[in-house]
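A short worksheet on the structure shown next.
Chains as they are written, first to last, in this note's numbering: chain A, 9 to 514; chain B, 9 to 514.
Below, the structure written as C-alpha cells:
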C-alpha cells in the first residue's frame, strides 16, 4: 500500500473541488484550481529535469506559491527543502550543498540571495513572473508517480549541538501521520480557515498545511507577521485558526486596534512550546476570546508530540505550565539514561515514538544512531510526566534557546563568536525577555591584551549567522564558571537571570 | 517502528487512569483497572500455552469481558477470532477448524455450544466464573510483547460468494488506521459514552471499540439489543454515541416509552449501510433529536470507507440516499472492469485503498488475489460517485442480502436449500421488509414428483445455517428466469418486489 502526500490534496479536489482552497490577497483558487496549479508546477519541474528523489529548495515568504510547493514537490516524488529565510548566506549555501539541491525556487524578496546562491544549484526559478511562466508553459503532470510510504518527502534543516545544521528526513508516511494526529488533536474540519502568518518554512506551521488541506479547509496568508495586518485579515477572511509565537501574541495584544478588532471567527490559536508567561496567555485569551492550545514537538517528529488544549479552562491550574499530553498516535515517555521509564514526577529525557518519527538525518548515520534507538526518538529535552500524563519540560538537554519562535543552538552562536580574534571563550545562554520569550545572551572572555566592543562583536556575528541568532545582550567576564571536570556550568550563569527554579520553559 | 493495538489502551491508562473505562450494569472499571484486567487475561492465556500468533476465539454476548478480549488477545500478540453468536453449530465448527483456534472463550449463554465445540480446540474457558478465576490466578503479562505493525491482530470471518466463510486477516496497523480514521470521521473525543448494543463480534461495532478507547471515552453495554433497555441505558449512563441498524431504530421509534424518553445526552447515531427508508430516518431523527451518520464499509477494510454525516441536515436532499464520502485516510474510487476510473455518475465497481485494507483472506491466496490488486481492494459492490464525491451504491456484485444488519450471502442459503432431496434449484434474493430492511426470500423449483412445505424446508435450513440466513418467505415456481447463456436472472425476480429502479440499498 502506498500513500503519497498528494493524497492530502487529491481528497479535497475530489470532494470539495469548487470550494475555496486559498485566499491570498486578491489571488484565490478553488481546490480544483489549486490541484491544477500544483500539477502544472510538477510538470514544469519534471520538464526542467527534476526527477524522483531530487531535492528542490524553497526560499520564499508566505503565500499560495509556498503552499503549492508543499504539494507539487513531494507529489511528484521529489524532495522539498524549505529554507529558513532568515539564515545568513553561508548558512543557506551550506544547506544547498549538503542537500545537493537541484532546483531553487525563490520569490522576489529573495531574488538577490537566490542570485548569489545560483552556483550552488543546477537551476533557479526566481520571482512570481518566472514561476507563473513555468506553470503556463508546462503540461500538467500525472500525480502521484510511484511514491511509496517511506520515500523521503522533505528535508527540513534544523540546528544541532554539533554546530552544523542537519537535514531531517521526513517520509510521506511521517508527514501523513502527523497530519492525521494533528487533525485529531487540533480538531481541524472542513470549516477551517487557517492563517499562515508564522513562517511557512517552519514545520510548526507546515504541519497544519497538510491537515487543513486534507479535511478541505481554506488557507490564507500574510507574507510575514505584522500585528495590524493579522488583525485585519482575521476579520476580513473570517479566520478560525492560526499558529503564533509569544512575540506575535504580545504584538497583537499591544496593537491599538486590538480592543475594537473582530476576532469572532477565531476558534483556536495554537502556540509553540516557546516560553510564554501566564500573564501574556491570559491577556491573549481575553483579547482574542477563543480557545488556546499549546503544542510541543520538534522537526524530528514531524513535528507534533504533545498538546495542551483548551488552556482557557486552565488559567488557574498549575498544569498551565505543562506542555500538555501526548496526542493520539504519539507515545511520549520520560526515560533514565539506561532507557528505563522514569517514575511519575521524576525528571528524565523526553523519548518519543510514532509513525511520525523521522527516517533520520540526511547523510549523518552517526548522529541518527545517537537519537533513534529501536524506533524511539531521544529528544535531549528534559522533563517529567505527572500522574495524568501531563508533560512538564525543565530543560533542553541540547542547549537550545527559543527566541521569537526560532530555535537557536548555543553552539552555533559560540562558534561564530569564537571566530573573532579577540575572543578567548564564550558561553551563550537564553535569558528571559518580555518580547522574545528568551533572548540570546553571551558571556564573553576576551584574550589577554585585546579589546572589542559589543557592537563590533555583533557586526562580526551578523556576517556569519542569521540575525535572530546573534546575541541581543552580552557580558564580558574574566572567566566562565566550570565544574571540577572543566565543563562550563551554564546553569550558574543562567540562574542569575532565571532564578534557581526551573527555567520556566512553559 | 512498531505499534500494537495495545497502544489504544496504554494511552488512556497513562492519561486518564482514574476515569471510567466501562460501566456494565453494576460492574465498572477505571482505565487503570481495565488495563490491569487485560494484562491478567493475557497472563492467564500465556500461562495456559497461548503464544504469539495463536488464535483465540470469542463466543459471547456484549459486555466488558468482550471488551477485554479486544485488547488482551492482540495485545499479547495472539490473534482474536470473534464468532458470530447467531451461527449454527456446523458453521462455528468450520471457523474454529479453518482458523486452527487454540482457545475458545465463551460466556454462560453459549456454554452448551462451547461444550459441543470443545473437541475442535485445545482449551475452552466457559462462563464468567471460569474467566474471573483465570484472571485471579494469573500473573499480569508484560505487554506489548514484540508485536509489529503488520502482524495479524484479528481474523474476522465473513460470508463469501463461494459459500465458504473466509477469515479476513486484519493487522495491528489495519485496525489502528481505521481507529484513527473513525475518530476523525465520527469526531470521537474523551467525552464519549459509547453504547455497545449492536453485536460486538461485528467489526461495525468493534471498530468504534478501539477509537473510543484511544481517545479516553467510556464504554457501556447491553448483552444484546432490546429497545426498552436501550432507551433506559441511554438515559441512565448519559450515552452520547451508538451504532444501530434500521431494525433497531424501528423498534426504538415504536417503543411506548420513546416519546417520553431522555435522549438529551445523545450526540450521534451511526447506522450501517443496510437499506434504511427515508421515513424511518426522519422519524428516528425526530425521536432521538441527535445527529445521524451513515457508515459504509466492510470487514475487508477494517471496516469504515465512507461516511454520510449530519444526515439531519440532508433530509430533503437526494444525497440522503448516498453512502456518503470517503473518510480521511481512505480512497474510494469507482472503476470499470479494466481498472480505469469511471466518470462522474458512471456505475462501476467500488475499489478502496488505505492503510486499513486487509492483509488478505486466511489461507486463501486465490480469493485474496482476486480482490486485492496493487494495494487496492475490489469490493464487488456497484455504485457511482457524483460530482462532489458522494458515493451511491446501486447493487452488490457479490449477491449479498443485508437483513437486520447481518450480511447474508445468497449462495450459502441456496447451498443449504439444495441439500434437501425435493429441491431442484433455487434463487435466493433480498426483498424489502419493513422490519429487517431486507428479508431473505427464496424462489424454489421442486423436482418432478416431489413435494415439500415451506415449514419443512425452513426446518431443514435451520439445521445447517444460522437462523437469520434462513428464508423468511418462499415462492414455489416452475422454473427460474434465465439469460440466453443460462445464467439465472435474479434481477427479474427482484424487480417484482423492488420495482425496476435501483434497489434502494441506501
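Idealized CB from N, CA, C, for every residue including glycine.
For the segment 183 to 247 of chain A, the full-length beta strand (DSSP E) segments reaching 3 residues or more read 201 to 204, 226 to 229 along the chain. Residues of chain A whose Cβ lies closer than 8 Å to the Cβ of residue 222 of chain B are, in chain order, 336. By the Cβ criterion, the segment 224 to 231 of chain B is in contact with the segment 196 to 207 of chain B, since at least three pairs of Cβ atoms, one from each stretch, lie closer than 8 Å. For residue 20 of chain A, the uninterrupted alpha helix (DSSP H) segment begins and ends at 15 to 24. Within chain B, the residues whose beta carbon sits less than 8 Å from that of residue 23 of chain A are 333, 334, 396, 397, listed in sequence order.
At a cut-off of 9 Å between beta-carbon atoms, residue 362 of chain A makes contact with chain B. Secondary structure note for residue 415 of chain A: it is in no alpha helix (DSSP H), and the uninterrupted beta strand (DSSP E) holding it is 414 to 417.
The beta carbon of residue 128 of chain B sits closer than 6 Å to those of 101, 104, 105, all from its chain and outside the five residues before and after it, given in chain order.
Residue pairing by DSSP places residue 339 of chain B opposite B/361 in a beta bridge.
Across the segment 178 to 200 of chain B, CB contacts with chain A closer than 7 Å involve 188, 191, 192, in sequence order along the chain. Scanning chain A for C-beta atoms nearer than 8 Å to the C-beta of residue 381 of chain B yields nothing, as the closest lies near 12 Å away. Residue environment: residue 124 of chain B is assigned as exposed (fewer than 16 neighbouring CB atoms within 10 Å of its CB, all protein chains considered). In this structure the segment 111 to 118 of chain B lies against the segment 62 to 74 of chain B, because at least three pairs of beta carbons, one per stretch, are closer than 8 Å.
Close to residue 343 of chain A, with beta-carbon spacing below 7 Å, lies no residue of chain B; the smallest spacing is near 14 Å. Residue 398 of chain A has no beta-bridge partner at all, per DSSP. Annotation: the segment 73 to 156 of chain A contains the following complete segments of the alpha helix (DSSP H) (minimum length 4 residues), in chain order: 97 to 107, 119 to 125, 136 to 144. In the DSSP assignment, residue 377 of chain A falls within the unbroken alpha helix (DSSP H) covering 373 to 379. Ranked by Cα distance from residue 401 of chain B, the options B/47, B/313, B/262, B/14 are led by B/313. Residue environment: residue 389 of chain B is assigned as buried (16 or more neighbouring CB atoms within 10 Å of its CB, all protein chains considered).
Annotation: residue 98 of chain B to residue 107 of chain B spans about 14 Å, alpha carbon to alpha carbon. Only buried fits residue 19 of chain A, as 16 or more other CB atoms lie within 10 angstroms of its CB.
Linking residue 253 of chain A to residue 424 of chain A through their CA atoms gives a straight-line distance of about 26 Å. According to DSSP, residue 296 of chain B shares a beta bridge with no other residue. In the displayed model, residue 318 of chain B falls within coil according to three-state DSSP, outside both helix and strand. Judged by pairs of C-beta atoms under 8 Å, the segment 380 to 398 of chain A touches the segment 349 to 358 of chain A, as three or more such pairs exist. By the CB criterion at 9 Å, residue 287 of chain B and residue 242 of chain B fall outside the cutoff.
In this structure, the beta-carbon distance from residue 303 of chain A to residue 435 of chain A does not fall below 9 Å. When Cβ-Cβ separations below 9 Å define contact, residue 26 of chain B makes contact with chain A. Assigned with DSSP and collapsed to three states, residue 260 of chain A falls in helix. Closest option to residue 163 of chain B, judged by alpha-carbon separation, among B/82, B/196, B/239: B/82. With respect to chain A, the C-beta atom of residue 339 of chain B has a partner C-beta closer than 9 Å. For residue 443 of chain A, no beta strand (DSSP E) segment is defined, and its DSSP state is neither H nor E. Interface flag for residue 18 of chain A against chain B is set, since a Cβ pair is found closer than 9 Å.
Note on geometry: alpha-carbon atoms of residue 446 of chain B and residue 156 of chain B lie some 41 Å from one another. Leaving aside the five residues that flank residue 455 of chain A on each side, the residues in its chain whose CB is nearer than 8 Å to its CB run, in chain order, 429, 430, 431, 432.
Where residue 174 of chain B is concerned, the enclosing beta strand (DSSP E) starts and stops at 174 to 179.
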